[in-house]
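Below you'll find the structure, written out as structure tokens, and then a few comments.
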Amino acid sequence: MAVTGWLSSPPAVRAGDGAGNAFSVERAMSHVRQIARAPHPTGSAANAQVRDYLVAQLRASGLRVEVQRELSPGQGSYAWVENVVGVLPATGATDGKARDAVLLMSHYDSIPWAPGASDAGAGVATVLEAARVAAASDRGVRKRDLIVLLSDGEEMGAFGARAFFDRHPLAPRVATVFNFEARGSSGPALMFQSGPGSAPLLWSLRGAAPVANSYSDEIYKRMPNFTDFNVSLERGLPGLNFAFIEGYSDYHSPTDTPDNLAPATLQHMGDQAIGAMRAALSASSVAPAAGAEPAYMNFTGKAFFQYPRWLDQAALAVATLLLIFAAWRGRRSETAGALATARGALAVLAAIAVAVSVVLSVSAFVREDFWPGVMQRAVSAHQLEWFLAWTLLASGVLVAILGAARGGLRWWWALALAALAALPMLRAGSVFIPGLVAAALVAGLLYKPLAETALLRGGEALLLVLAWALTLALPGAANILVWSLLALALVRAIAVVRGQAASAWTSFALAMPVVVVGGVILGDLAMRLDQALGVSVPVIGAVPLLLLCVLCMQAWLANGAARVGTALALSGLVAAVALVFVNPFDTRHPLPSSVFVLNDRVQNVDCLASIDATDDAWKRSVLGDAARALPNNFYAPEVWRETRCRPLGERAAAIGTPATTRIRVLGVEPQGDLRRMRLAVTAQAGHDVLDLYLPKGVDVRSASVQNRSINAPTAEGFEQWPVRIRGFAVPAGELELTLDLGPGPIPDALLAVTIDHGLPAGLALPARPAGLMAQTHPYSDARVGVARVALEAAQAGPSP
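Going by my numbering, the final residue of the sequence shown carries number 811, and the count climbs one at a time with no gaps.
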């Protein structure tokens, strides 16, 4: 695993400024520093400065550039966005034809509290460099147009990408899409998602040390994933989606700064972007590749393989036949019959379930009160150490169980497993029943001794079943197990053909190909899963390693395995407990701490507020002893923690009164079985977020803003105000909101909640010391207003 991680690291940064037709990490980092000088959410003045910089850079590279300003609707939401769109025309006769253009895409807005160096300043810098390289390249290479989309509003829900694909005249000409994202600050740039018919694009990456596996495609087809690339997928366009995910502690964090972005990661993303773009621009055809989607994988980051998926099926069929042959050939010398093999397979499966249960139960115990409210930030600060702790614990439990199985599982062993798999969860509320069941199964299956050969053959049978299940259900993910099983089957066949009993060292040597192939493939999968999901699902990275332990059982199932497994499990347990007592926060990983101004007209409250579950000296100095719990929360339905408030007192005059929102009824008209209610919403000042909640009992079937449908608003509000319509980057002035209402009452008031990022200038709070940073939620360092807005009666005469 260590070797796999090292070999999969990004290539070294190339020194110098780079030739005109090569990606320059120095130029790209210069762009990142300009883009990520400060947080720049959609609609902010800082975002406008970034927009102007991007326009100037693309024009300097020779592109025709425009800013697409649109009101972009979403699901019960809307946003005003400003996309930067550039075009580099083709040099041949294909210029201007439908479906002939290549689109480079990334988003330039950031989350309100993060500078956005990685997410997605790195992607924007990559696109700028790629556009410069395309403009400087031989004109004969560009057989089709290059379109650049630097979208706005991605962080709130891909509003900019939707505005482009729904309304921009260039959208129908897009044939191929490359998107660049980030969910961390370091590591290799993964190609983790492809569009339909993208086989030629995948092959174009082979010269840039790609890290790509078709299993991720299968995962993202079934897992929610909210990047701009999804908008192009909805339209069936071929393309590739890139992102880097190591350094998760910097994701959506104030620490997402240029200094924390790894230059080698930016270099890796840029090299792949240039290679893929050149291949697409020079391709003789841009039509999606016909036929079945390919399987692909990289081996340690140094070798990339792309092949038809039937090859996985063929390799698995060969592995199956070889294992059947080995079982038949060794039937006289081995002591494992069909029943013993089945018992062994069930025992191995139950042992894996116990190992998973132990990690889930113990992690729930040790992390129950581990930095509440900022637990994921605390874990991400030491994510590798947590991964190693859970890996040692899980693999140790599995090795100990199967090592003890040959002599039969003693009652005290079974009792200890049940206690470890089920009881620690009591701290989180209840006994972990799945862990208890798994431990009981292990005890029932292994209370009598089980021969070593039965465990080995049972493990092989279990892996074969899992591999065939993957091949049939998730064909792109079959290579997770297929090639490792083929190596195992070849080793087994060689061993039985040799015919003579092998020494321990010979058996160990024969197992090495399985260890290497399985270790590289499953070890890489374990690391990627933990980097992506490990902070919230601690066992996710350990599962592939449990399969690896089963795959390599021949190498470790021997006398003393139970003792070795116990030592591994205890070391993992000690490491996890020790990590709980290590303060994860420092100047590199600051503790989130926040306050915000709350102007709540419903409760007549004007205060400095905080919803943090943690405390610190800075926050105590800001809130003081006068902070009290707010009786009700009418500003954030997703916040369940207590809101502490300190009255503003004399500070209220220094920051001024909050801007108001007026709502006027323009008319209520019948529309078949429905009633159409038109409202004029007037904001005294622009707002970063404007939430309008409808009262309980109002049946809203659909809604639109400025005649743009936002579908049916979702029930994401409060008990008495359940339905929310959310607007982003709402300008000052009037907008028209139309509601189609079913039977029931017509509202006479709405609840208006506004969020404006940045504390008011007159507040004059002390600066945070080193080791603290703004909280990573939208209310941190913001001004929040709450008001029940009565609907003003319709005026006589024609509606405006």
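Ideal placement from N, C-alpha and C gives every residue a C-beta, glycine not left out.
Three-state secondary structure (DSSP) of residue i
i: Arg-652; result: coil
i: Cys-563; result: coil
i: Arg-609; result: Per the sequence shown, residue 609 should be read as Leu rather than Arg. Strand, per DSSP.
i: Ala-294; result: coil
i: Thr-765; result: strand
i: Val-616; result: strand
i: Pro-207; result: coil
i: Tyr-119; result: coil
i: His-51; result: coil
i: Met-784; result: strand
i: Val-385; result: coil
i: Glu-77; result: strand
i: Leu-82; result: strand
i: Pro-269; result: helix
i: Val-222; result: strand
i: Leu-770; result: coil
i: Ala-125; result: coil
i: Pro-435; result: helix
i: Gly-31; result: coil
i: Phe-336; result: helix
i: Leu-277; result: helix
Extent of the continuous beta strand (DSSP E) to which residue i belongs
i: Trp-91; result: 88-99
i: Tyr-812; result: This structure gives no information on residue 812, because the portion of the chain shown stretches from 12 to 811.
i: His-600; result: Element bounds for His-600: n/a, residue is neither H nor E.
i: Arg-794; result: 793-801
i: Asn-644; result: From DSSP, Asn-644 is part of no beta strand (DSSP E); its letter is neither H nor E.
i: Phe-316; result: 314-319
i: Ala-691; result: 685-694
i: Val-700; result: 698-705
Residue i: first and last residue of the uninterrupted alpha helix (DSSP H) it sits in
i: Val-408; result: 394-416
i: Glu-165; result: 165-168
i: Gly-250; result: Segment 250-254 is the beta strand (DSSP E) holding Gly-250; no alpha helix (DSSP H) there.
i: Ser-830; result: Outside the shown range of the chain, which is 12 to 811, sits residue 830, and nothing can be said about it.
i: Ala-375; result: 349-377
i: Leu-447; result: 444-457
i: Ile-674; result: Segment 672-682 is the beta strand (DSSP E) holding Ile-674; no alpha helix (DSSP H) there.
i: Arg-849; result: Nothing can be reported for residue 849, as the shown portion of the chain is limited to 12 through 811.
i: Val-14; result: 13-18
i: Leu-308; result: Per the sequence shown, residue 308 should be read as Met rather than Leu. Here Met-308 belongs to no alpha helix (DSSP H); instead the beta strand (DSSP E) covers 305-310.
i: Leu-590; result: 572-591
i: Val-36; result: 36-46
i: Asn-241; result: 240-244
Counted within 10 angstroms of its Cβ, other Cβ atoms place residue i as buried (16 or more) or exposed
i: Gly-302; result: exposed
i: Pro-811; result: Note that Pro-811 scores 37 on pLDDT, short of 50, meaning its location in the model is unreliable and no value can be drawn from it.
i: Arg-178; result: exposed
i: Phe-592; result: exposed
i: Arg-10; result: The structure shown does not extend to residue 10, since the chain spans only 12 to 811, so no value can be given for it.
i: Ile-335; result: exposed
i: Pro-780; result: exposed
i: Ala-798; result: buried
i: Lys-154; result: buried
i: Trp-422; result: exposed
i: Ala-589; result: exposed
i: Pro-199; result: buried
i: Asp-759; result: exposed
i: Phe-596; result: buried
i: Gln-682; result: exposed
i: Asp-270; result: exposed
i: Pro-265; result: buried
i: Lys-812; result: Because the chain in this structure spans residues 12 to 811, residue 812 falls outside the shown range and cannot be described.
i: Ile-285; result: buried
key: beta strand (DSSP E) runs wholly inside the region 707-755, at least 3 long, in chain order   = DSSP runs (the beta strand (DSSP E)) wholly in the region 707-755: 711-716, 734-741, 744-752.
message = Restricting to runs no shorter than 4 residues, where is the alpha helix (DSSP H) found entirely within the region 481-551?
response = Scanning the region 481-551 for uninterrupted alpha helix (DSSP H) segments of 4 residues or longer gives 493-509, 515-544, listed from N- to C-terminal end.
inquiry  = Runs of 4 residues minimum, wholly inside the region 139-201: which ones carry the alpha helix (DSSP H) assignment?
reply    = The DSSP assignment places complete alpha helix (DSSP H) segments of no fewer than 4 residues inside the region 139-201 at 165-168, 170-178, in order along the chain.
query = Is there contact between the region 744-757 and the region 782-791, where contact requires at least three CB pairs shorter than 8 angstroms?
reply = Result no; under three Cβ-Cβ pairs closer than 8 angstroms.
key: Three-pair Cβ contact test at 8 angstroms for the region 662-672 versus the region 723-735   = Because the criterion of three Cβ pairs below 8 angstroms is not met, the region 662-672 and the region 723-735 do not touch.
inquiry  = Taking contact to mean 3 or more Cβ pairs, one atom from each stretch, closer than 8 angstroms, check whether the region 222-232 and the region 160-173 are in contact.
reply    = The region 222-232 vs the region 160-173: no contact.
Given 8 angstroms, three or more beta-carbon pairs between the region 605-618 and the region 650-666 = As far as the Cβ criterion goes, the region 605-618 touches the region 650-666, which means the pair count is three or higher.
ask   = For the 8 angstroms Cβ check, are there 3 or more pairs between the region 731-746 and the region 690-700?
value = At 8 angstroms Cβ cutoff, the stretches touch.
ask   = Quick one: any contact between the region 571-580 and the region 486-503, if contact means 3 or more CB pairs under 8 angstroms?
value = Because the criterion of three Cβ pairs below 8 angstroms is not met, the region 571-580 and the region 486-503 do not touch.
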